[in-house]
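For reference, the structure discussed in these notes is given below.
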Amino acid sequence: MFLFVLLCNQYFLLFFLVQGCAALYLVRTAVKKCEPLAKTRVQVPALERKDVKKWNVVEFYVVGFFLFFMRVFMTVGLFVCFCLITMVITRKYDLMKPLPYEVRARCQWWARWMCRGFLFFAGFMWIDEKDIQVDYSEYLGPNYDKRERPSLLVSNHSSWVDIILFMYCKYFPSFVSKEVLSKTPLVKVVGRMLNCLYVDRETSKDNKDKIIQDIIQRQVLMEEGKDKFPLIIYPEGTTSNGFGMMEFKRGAFVSSKPIKPISVKYRGRNFHPTYEVLPFLSHFVLLHCQLFSSLEIQYFPIFVPNDYMYENTKFKFQDKKELVYGETIRKIIEDNSGIKRTDTTLKDKKQLLETLYNQKGFN
């Protein structure tokens, strides 16, 4: 018996050393792939990373050696379980149509805790959710309309982690996602369960107009009480660094319907957990190799636009109401979260990614 235990311990020790060495190799590769960031002076306010030279590489190696594969096993395992359970619960339903409310509510219950587990093992020990009270009279005048039910959520976008975060949060919203995700194994099942809308950035103007009409239709359903789960839109259209917001695209604001602004702020001790210009695999590895991170999500009151806002706005966009509305929401987020408005655009990000990594697509 003693020899059996000793032999098992030897195999365990060998396995532990092998996985630890593999983790060290992955950390080294991840850091090396980020070298262009350290060597290039990025002067794009919403995309620059000021943390690169502060990274605690020793922590990456130590945490990676002991915890990386355990953390990845748990996060990936939870995600796969999440997808498989979704498949089981929704197997009797046509996922090309919205699920009945009670079915999606059932999915929300277990998805919330699986997503919290995912975030925990990814290093997010603390998640601070706050309802922030804001006086909108500056924008809407006195006695402005107040609502309790949002027809649309709008948030800044800093990481792929945002998706997991909002599946954990109280609204369990639908998303506007990349077209390619509608065809990705496992992910497409979750996307259909969440009743996501899919968009192709390279699509024609007619298709973009159709997406806008689909967004408006979702807002109408929410206002009429026929849908209980709002749509969330990231109007930047891509990820930024959490310190600056890129220009908002107009799609969320065309209808002039009520919107609930939200801000998400990531905090990292040395490695900032945002995902704006890092290669995905490098970000995934380094995030799992930081001992702990935290984030804060702020919910602002529902904003109901009115004539006062359009007539007294300080933003002049040649009478384009959707741009006035979008910039007003951006200023509300800036004033109450500290995330600064910038004039950074998708074109700026594309050029930066090409300069750093010769990468053609967006994060």
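Numbers -23 to -1, 1 to 340, taken from mature numbering (1 follows the signal peptide of the UniProt record, and there is no 0), label the letters of the sequence shown in order. Think of the CB as a built atom: it goes at the ideal place given N, C-alpha and C, for glycine as much as any other residue. Since we're looking at a predicted model, the values are computed, not measured.
Return the chain-ordered list of same chain residues with a C-beta closer than 8 Å to the C-beta of residue i, the five sequence neighbours on each side being excluded.
i	result
residue 311	222, 317 and 318
residue 17	332 and 333
residue 113	121, 278, 280 and 309
residue 150	130, 143, 171, 206, 207, 208 and 209
residue 313	109, 111, 240, 275 and 277
residue 152	140, 143, 168, 171, 173, 174, 208 and 209
residue 28	245, 247, 248 and 249
residue 70	76, 77 and 80
residue 73	169
Could you please give me the residues that DSSP links to residue i through a beta bridge?
i	result
residue 238	131
residue 210	131
residue 270	101 and 245
residue 107	275
residue 18	Answer is none; residue 18 lacks a bridge partner.
residue 126	Paired residue(s): none; residue 126 is not in a bridge.
residue 318	222
Could you check whether residue j and residue i sit closer than 7 Å to each other, using their CB atoms as the reference points?
i	j	result
residue 244	residue 299	no
residue 191	residue 174	yes
residue 42	residue -4	yes
residue 167	residue 67	no
residue 100	residue 55	no
residue 124	residue 235	yes
residue 107	residue 275	yes
residue 5	residue 14	no
residue 272	residue 104	yes
residue -9	residue 48	no
residue 329	residue 21	yes
residue 197	residue 188	no
Can you name, in chain order, every residue of its own chain whose Cβ lies under 6 Å from the Cβ of residue i, other than the five neighbours on each side?
i	result
residue 134	211, 213 and 216
residue 140	none
residue 251	135, 136, 218, 219 and 243
residue 78	205
residue 40	266 and 268
residue 32	247 and 248
residue 292	301 and 304
residue 286	116 and 117
How close, in whole Å, do the beta carbons of residue i and residue j come, if the pair is a contact with beta carbons under 8 Å?
i	j	result
residue 374	residue 263	Because the chain here runs from -23 to 340, residue 374 falls outside it and cannot be looked at.
residue 233	residue 10	So it is not a contact: roughly 44 Å between Cβ atoms.
residue 59	residue 91	5 Å
residue 322	residue 253	No, residue 322 and residue 253 are not in contact; Cβ-Cβ is about 14 Å, not under 8 Å.
residue 128	residue 200	5 Å
residue 117	residue 247	About 42 Å; that fails the 8 Å criterion.
Here's a check: name, in chain order, each residue in its chain whose Cβ is nearer than 7 Å to the Cβ of residue i, leaving out the five neighbours to either side.
i	result
residue 230	299, 302 and 303
residue 34	8
residue 156	175, 176 and 177
**Asked** Which runs of the beta strand (DSSP E) spanning at least 3 residues fall entirely within the stretch 146 to 230, listed in chain order?
**Response** Qualifying beta strand (DSSP E) stretches, in chain order: 151 to 155, 174 to 176 and 208 to 210.
**Message:** Runs of 4 residues minimum, wholly inside the stretch 278 to 316: which ones carry the alpha helix (DSSP H) assignment?
**Reply:** Correct list: 284 to 289 and 298 to 314.
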